[in-house]
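K.L.:
Could you have a look at this structure, given as structure tokens, before my questions?
Chains as they are written, first to last, in the numbering used here: chain A, 594 to 983; chain B, 594 to 983.
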């Protein structure tokens, strides 16, 4: 139920020794066509890792036949030498794939590269290139699960998904457990589909999907240097869905993966859904949701099972969204603890013992709404991010 | 060495029972003149506590003869009834001061009010008003230390300061240990001076001072509903300093109090100075400093004594400031661990065992600079803010 579920794709995941643990760390996804369509979304961080700079160029070319991904090193902040490493990885992948299947010539410019791990260190290139060789040898049409495992960093489990259309399918895998933020920080995601879809359709579907799913996950407010979401199309089903159909399926896979990312976020004990309603505009609803999602005092209160609506209101007050402070309502897990900007139902009625928390904020300023997802801020988050360099 | 050091001021601090601990919780500062000048800076949060809304009106009147402050309750998000409580507190303070010293009539409109504590709950008015009575009885020209103690919440020690001019003085007290943020969240600060200074001069000096001190403290990125900084002038010295002299003295008191706030921030183990240099404009330097100060991954790394410059660069990359990612240098405690956007000196050379940490970021984009101060993110921060409602 992953990137190899749609027809036309093979994948592999191998251990190349980039991780000192010996866990799998190189993944390869190959599109055997007949099409080689691609759409992509990259990090909004201005400090972009070498693989992001490379893959942006590749995607501009409009054809991607393979994606090589590694954990165990982000290859970010590594200067021109780091970019050369990414280029060499793409060259080597293209050459090895061409030799393994001589009927099809592959160029480096058709190979996207994704990396994740510690920032600021060069990758061990001999080990990585040997890993690519092993991955090419290991390619198979049921290699998706192995690929999903090889891209894990502090993830405790692989994330995969599938959405089925009428005769066609979208599959996907993702990694990411920390640094999840506005533009999906340190989140790598590869989606595949055997639908027949031109570049404009792929792009429209992917952007519509990520805008309301992965882009609205804000686990710890930190934006990565390496975020990449790729959507590859093989056309192998021979079926051309409508834009609405493809968008719905891609959105379903992105939503499912986003929820899996939140469920596995570093040190989280709560999975928090922030529904902002009654906003004057959708972007204002998103701004309010993000402000609450990023507020450390709200996040620590949730960790402490405290329905501290005062901290929520204080976070809302830092935004530029239209609202009257004396007209805001806030519910936590269905209990309207704040009405018209002041205390309402007894906060002791709020049950925060479970993992899922829903905060509903009614701005009473219009009819627009948006949902943002986040986690609490726990001792385990501090521990994971202070005890280990990532 | 506090608000009663300048001539013309009396103060008191008493325990009125607002805090369940029985610690002092009502403070009063009275300006006996001859002048009753005032300047003020309030929270930028759009959700403003009742005492902020009240004091904004009072300050607009241009005359403040007394400030009554309470801990044990923020009187924020308490609706019209909460505003009435603040109004009643000012009325009661004015009436009690007038009866105690019948030669001078005081109006409620000359009494500023500050509150700090839990958001969303009404204040116990009988206890508070009885506390005001006790404070009026306790007023003395050496009551400053008691007042500074009565405004503490999670502070572990009172914060007071003084700066001396030629024949005149500025004194101050502040509280705040959490929610320190862009506009000085849950920070109450009263400054007094016996200098002769008109309203424009007071305002100019206070704004110039807070802009580069309290406004650049960003302990946890959370902005309070109650922040207030008041500067009162008695003119009792008979000396009229120049704008430069007054600004320098007010800046010195604000800087000293800001450093005391950081030193006592909730759960902090590090006091972090972020110097951003080589910026194209000062506000861009501030933006970069704030982005680093608020980044939870940077803050947890510092807690873990990890000079993780990659996380610093990733934070810089989220800003709109002018810089080339391949030209940024970063030093941690004097070791240039990053040059031209890539690894430089060995990070093991960085000694992070002490409490003071200096991060220096050279954007190489101009000649402007700014300093922002913050803390690390520790287990104790999570504990204090998850175990207790504040």
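Just so it is clear, CB atoms sit at the ideal spot from N, CA and C, and this is done for glycine as well.
#1: Mind checking who residue 825 (chain B) pairs with in its DSSP beta bridge?
#2: Indicate whether at least one CB of chain B lies closer than 8 Å to the CB of residue 772 (chain A).
#3: In chain order, which continuous runs of the alpha helix (DSSP H) of length 4 or greater are located wholly inside the segment 881-949 of chain A?
#4: Where does residue 835 (chain A) land, buried or exposed, given buried means 16+ other C-beta within 10 angstroms?
#5: Kindly identify the DSSP beta-bridge partner or partners of residue 867 (chain A).
#6: How many angstroms separate the CA atom of residue 861 (chain B) from the CA atom of residue 969 (chain B)?
#7: Does the beta-carbon distance from residue 764 (chain A) to residue 599 (chain A) come in below 8 Å?
#8: Measuring alpha carbon to alpha carbon, tell me which residue in A:930, A:611, A:781 and A:953 is nearest residue 633 (chain A).
#9: Please name the residue in A:623, A:920, A:927 and A:684 whose C-alpha comes closest to that of residue 938 (chain A).
#10: Counting only beta-carbon atoms, is residue 936 (chain B) nearer than 8 Å to chain A?
#11: Using a Cβ-Cβ cut-off of 8 Å, state whether residue 893 (chain A) counts as contacting chain B.
#12: Taking only beta-carbon positions, decide if residue 777 (chain A) is within less than 8 Å of chain B.
#13: Quick one: Cα of residue 919 (chain B) to Cα of residue 870 (chain B), how far?
#14: Taking the CB atoms as reference points, tell me whether residue 854 (chain B) and residue 769 (chain B) lie closer together than 8 Å.
#15: Quick check on the burial criterion: 16 or more other C-beta atoms within 10 angstroms. Buried or exposed for residue 650 (chain A)?
#16: Mind pulling the chain A residues with CB within less than 8 Å of residue 817 (chain B)?
#17: DSSP beta-bridge partners for residue 602 (chain A)?
#18: When you check each C-beta in the segment 629-642 of chain B against every C-beta of chain A, which residues fall closer than 9 Å?
#19: Near residue 965 (chain A), what residues of its chain come up, given a Cβ to Cβ distance below 7 Å and the 5 sequence neighbours on each side ignored?
#20: Below 8 Å on the Cβ atoms is my guess for residue 820 (chain A) versus residue 748 (chain A); work out the distance and round it to an integer in Å.
#21: State the Cα-Cα distance for the pair residue 709 (chain A) and residue 949 (chain A), rounded to the nearest angstrom.
#22: To the nearest angstrom, how far is the alpha carbon of residue 893 (chain B) from that of residue 960 (chain A)?
#23: Under the DSSP definition of a beta bridge, which residues are partnered with residue 706 (chain B)?
#24: Spell out whether any CB of chain B is found under 8 Å from the CB atom of residue 928 (chain A).
#25: Run through chain B and tell me which residues come within less than 8 Å of residue 714 (chain A), C-beta to C-beta.
#26: Taking its Cβ as the centre, do 16 or more other Cβ atoms sit within 10 Å of residue 946 (chain B), making it buried, or is it exposed?
#27: Suppose contacts are defined by Cβ-Cβ distances below 8 Å. Is residue 724 (chain A) in contact with residue 603 (chain A) by that definition?
#28: Between the alpha carbons of residue 703 (chain A) and residue 630 (chain A), how many angstroms are there, rounded?
#29: With three or more C-beta pairs closer than 8 Å as the rule, is the segment 662-678 of chain A touching the segment 716-732 of chain A?
#30: Is residue 710 (chain A) close to chain B, meaning its C-beta is less than 8 Å from at least one C-beta of that chain?
#31: First and last residue of the alpha helix (DSSP H) that includes residue 718 (chain A)?
#32: By the 7 Å beta-carbon criterion, what residues does the segment 867-900 of chain A contribute toward chain B?
#33: Got a sec? Which residues, its chain only, sit under 6 Å from residue 972 (chain B) by beta carbon, not counting five neighbours each side?
#34: Quick one, which residues of the segment 910-926 of chain A are near chain B if we go by CB-CB under 7 Å, in chain order?
#35: Which residues share a DSSP beta bridge with residue 763 (chain A)?
#36: Measure the alpha-carbon distance for residue 767 (chain A) versus residue 595 (chain B) and round it to whole angstroms.
P.N.:
Walking through what the data contain:
#1: DSSP, once it has assigned bridges, lists B:631 and B:785 as partnering residue 825 (chain B).
#2: Bear in mind that the predicted position of residue 772 (chain A) carries a pLDDT of just 40, short of 50, making it unreliable; the figure below should be weighed with that in mind. Using a Cβ-Cβ cut-off of 8 Å, residue 772 (chain A) counts as an interface residue toward chain B, since at least one Cβ of chain B sits closer than that to its own.
#3: Note on the segment 881-949 of chain A: whole alpha helix (DSSP H) runs with a minimum of 4 residues are 889-896 and 902-909, in chain order.
#4: Residue environment analysis places residue 835 (chain A) among the exposed positions, since fewer than 16 neighbouring C-beta atoms fall within 10 angstroms of its C-beta.
#5: Paired residues: A:952 and A:965.
#6: A direct Cα-Cα distance of roughly 6 Å separates residue 861 (chain B) from residue 969 (chain B).
#7: It is a contact, given that the beta carbons lie within the stated cut-off.
#8: For the set A:930, A:611, A:781 and A:953, the Cα lying nearest the Cα of residue 633 (chain A) is the one of A:781.
#9: Of A:623, A:920, A:927 and A:684, the residue nearest in Cα terms is A:927.
#10: Residue 936 (chain B) counts as touching chain A.
#11: For residue 893 (chain A), the closest Cβ of chain B is nearer than 8 Å.
#12: Only weak support is given to the placement of residue 777 (chain A): the predicted model assigns it a pLDDT of 37, under 50, and the question is left unresolved by the model.
#13: Residue 919 (chain B) and residue 870 (chain B) have their C-alpha atoms some 16 Å from each other.
#14: Taking 8 Å as the Cβ cut-off, residue 854 (chain B) and residue 769 (chain B) qualify as a contacting pair.
#15: The C-beta of residue 650 (chain A) has fewer than 16 other C-beta atoms within 10 Å across all chains shown, which makes the residue exposed.
#16: Below the 8 Å Cβ cutoff, chain A contributes 907 as neighbours of residue 817 (chain B), in chain order.
#17: Partner residues in the beta bridge of residue 602 (chain A), as assigned by DSSP, are A:624.
#18: Sequence-ordered contacts of the segment 629-642 of chain B with chain A read 636, 637, 638, 639, 640 and 641 [C-beta pairs closer than 9 Å].
#19: So the qualifying residues of the chain are 809, 811, 867, 879, 882, 883 and 886.
#20: That pair is no contact at about 15 Å.
#21: The alpha-carbon atoms of residue 709 (chain A) and residue 949 (chain A) are separated by roughly 28 Å.
#22: A straight-line Cα-Cα distance of about 39 Å links residue 893 (chain B) and residue 960 (chain A).
#23: Per DSSP, B:661.
#24: No, no contact with chain B.
#25: The contacting residues are 936.
#26: Exposed, by the Cβ-count rule.
#27: Their beta carbons are not under 8 Å apart, which means residue 724 (chain A) does not touch residue 603 (chain A) by this criterion.
#28: Between residue 703 (chain A) and residue 630 (chain A), the C-alpha separation is close to 10 Å.
#29: Counting Cβ pairs under 8 Å, three or more are found: they touch.
#30: For residue 710 (chain A), the answer is no, since every Cβ of chain B falls outside 8 Å of its Cβ.
#31: Residue 718 (chain A) -> alpha helix (DSSP H) spans 718-731.
#32: Result list: 888, 889, 890, 893, 894, 896, 897 and 899.
#33: Beyond the five residues adjoining it in sequence on each side, residue 972 (chain B) comes within less than 6 Å, by CB distance, of no other residue in the same chain.
#34: Here the close residues are 910, 911, 918 and 919.
#35: The partner list for residue 763 (chain A) (beta bridge, DSSP) reads A:756 and A:786.
#36: Straight across, the Cα-Cα distance linking residue 767 (chain A) with residue 595 (chain B) is about 57 Å.
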